[in-house]
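Residue numbers (the working numbering): 34 to 176.
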């Protein structure tokens with residue numbers, strides 16, 4: 034079973050999101066409309082020290098919550114890890130204590146991909162070297 038089918042089956046009971054393949058990998062899409070100002074989903078995973086983060090050679094799913102701790106969002110059960118970066122996002126990440134929540138910035142239509150801005154540090158290290166692929170930077174695709 035491929036990742037998209039596996040995750041879709043895990044979220045079937047929730048009925049709010051679906052993982053789909055996009056031009057830049059997998060993305061998380063809304064299955065129903067989401068009003069502006071809605072807490073959408075938590076970015077989950079083990080809480081690890083930033084010292085431990087520094088020891089790991091790779092890791093695109095670490096989300097720093099303060100100067101000492103990060104959430105390791107690597108587990109595939111963390112559906113929020115499938116939310117892609119956008120320079121014109123429809124959601125934003127809000128840190129509350131040692132937890133990270135994704136909130137809608139505006140109304141999101143059913144079928145629309147969820148996105149948030151990953152921030153300058155992540156952008157400079159992981160996105161800028163290969164070029165941003167978000168809709169704002171790439172523009173509409175021609176068929």
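Think of the CB as a built atom: it goes at the ideal place given N, C-alpha and C, for glycine as much as any other residue.
Whose C-alpha, out of 66, 51, 79 and 67, is nearest the C-alpha of residue 212?
No statement about residue 212 is possible, as the shown extent of the chain runs from 34 to 176 and does not include it.
For residue 122, count neighbouring C-beta atoms within 10 Å of its own C-beta (all shown protein chains included) and say buried if the count is 16 or more, exposed if not.
Classification of residue 122: buried, given that the 10 Å Cβ count is 16 or more.
Going by C-alpha to C-alpha distance, which of 55, 166, 129 and 139 sits closest to residue 119?
For residue 119, the nearest C-alpha among the options comes from 166.
Name the DSSP bridge partner or partners of residue 151?
Paired residues: none, contrary to the question.
For residue 178 and residue 135, which I take to be in contact (beta-carbon distance under 8 Å), what is that distance rounded to the nearest angstrom?
No answer is possible for residue 178: the residues shown for the chain start at 34 and end at 176.
Put residue 163 into one of helix, strand or coil per three-state DSSP.
In the structure shown, residue 163 sits in coil (DSSP, three-state: anything other than H, G, I, E or B).
Give the DSSP-derived three-state secondary structure of residue 169 in the structure shown.
Reduced to three states, the DSSP call for residue 169 is helix.
With H, G and I counted as helix, E and B as strand and the rest as coil, what does DSSP make of residue 117?
Of the three classes helix, strand and coil, the one that applies to residue 117 here is strand, per DSSP.
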